[in-house]
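*Asks:* Residue numbers (my numbering): 1 to 219. For each residue, glycine too, the CB sits at the ideal point set by N, CA and C.
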């Protein structure tokens, strides 16, 4: 892929976390629709590639590994096999089902402050009555260096892009969903904040900051 002169279609679906066993709702709400579309494309003889895999980095994985008293790699190996087996049993016809882990991992001391249920992010000092999920002890605030995306600097451009993109259909893409449009507009209405794009994790993709100040400026 791609092949010149042919209609090339790349299909994927939401990558499942490896901290649980997939259930019927995961199948229906994620990979099934992608599988149906992939089968349609193959019937039409489009040059089709349907890929997916387990999402193995992040706080959810690290926390689950601590609960089960195993390493993050052992947990990922276990649940990757479980997920792959479940999708094969349901007949989901991936061309490739992979995983996100690599051999190199970060080595830091804390975890990110993100709700693993809704995905909303918080600053550490915004949490109400925080408790460690493992030992239930109140955490201690410590300084930590991170990279932030200066979203307020792009707020007007983001607002204009949202207004235009949410109602236009580009190429094969349709209009945004009503829910997606309302959420995006709400973010802008509330005022965009600088967004942290790095985490303090033992289990994550390494990030090297050499020359970053020169590349991005003081903000």
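Quick one: is residue 168 near chain D, going by C-beta distance under 8 Å?
*Replies:* Chain labels in this structure do not include chain D; a single protein chain is all it has.
*Asks:* Note the first and the last residue of the continuous alpha helix (DSSP H) segment covering residue 179.
*Replies:* Taking the first residue of the chain shown as position 1, residue 179 is located at position 179. Run containing residue 179: 178-190, per the alpha helix (DSSP H) assignment.
*Asks:* Helix, strand or coil: how does DSSP classify residue 147 here?
*Replies:* Here residue 147 corresponds to residue number 147 of the chain shown, with the count starting at 1. Three-state DSSP puts residue 147 in coil, outside helix and strand.
*Asks:* Determine, using beta carbons only, whether residue 84 and residue 151 come nearer to each other than 8 Å.
*Replies:* In the chain shown, the residue the question calls residue 84 occupies position 84. In the chain shown, the residue the question calls residue 151 occupies position 151. It is not a contact, given that the beta carbons lie outside the stated cut-off.
*Asks:* Hey, how far is the Cα of residue 73 from the Cα of residue 168?
*Replies:* Locating residue 73 in the chain shown gives position 73, counting from the first residue. Locating residue 168 in the chain shown gives position 168, counting from the first residue. The alpha-carbon atoms of residue 73 and residue 168 are separated by roughly 43 Å.
*Asks:* When you compare each of 55, 7, 33 and 77 to residue 46 by their alpha carbons, which one comes out closest?
*Replies:* Residue 46 sits at position 46 when you count from the first residue of the chain shown. Among 55, 7, 33 and 77, the Cα nearest to that of residue 46 belongs to 7.
*Asks:* Any idea what DSSP makes of residue 28, helix, strand or coil?
*Replies:* Taking the chain shown and counting its residues from 1, the one referred to as residue 28 is at position 28. Looking at residue 28 - three-state DSSP - the assignment turns out to be helix.
*Asks:* Where does the unbroken alpha helix (DSSP H) through residue 96 begin, and where does it stop?
*Replies:* Position 96 of the chain shown holds residue 96. Careful: residue 96 lies outside any alpha helix (DSSP H), inside the beta strand (DSSP E) at 96-99.
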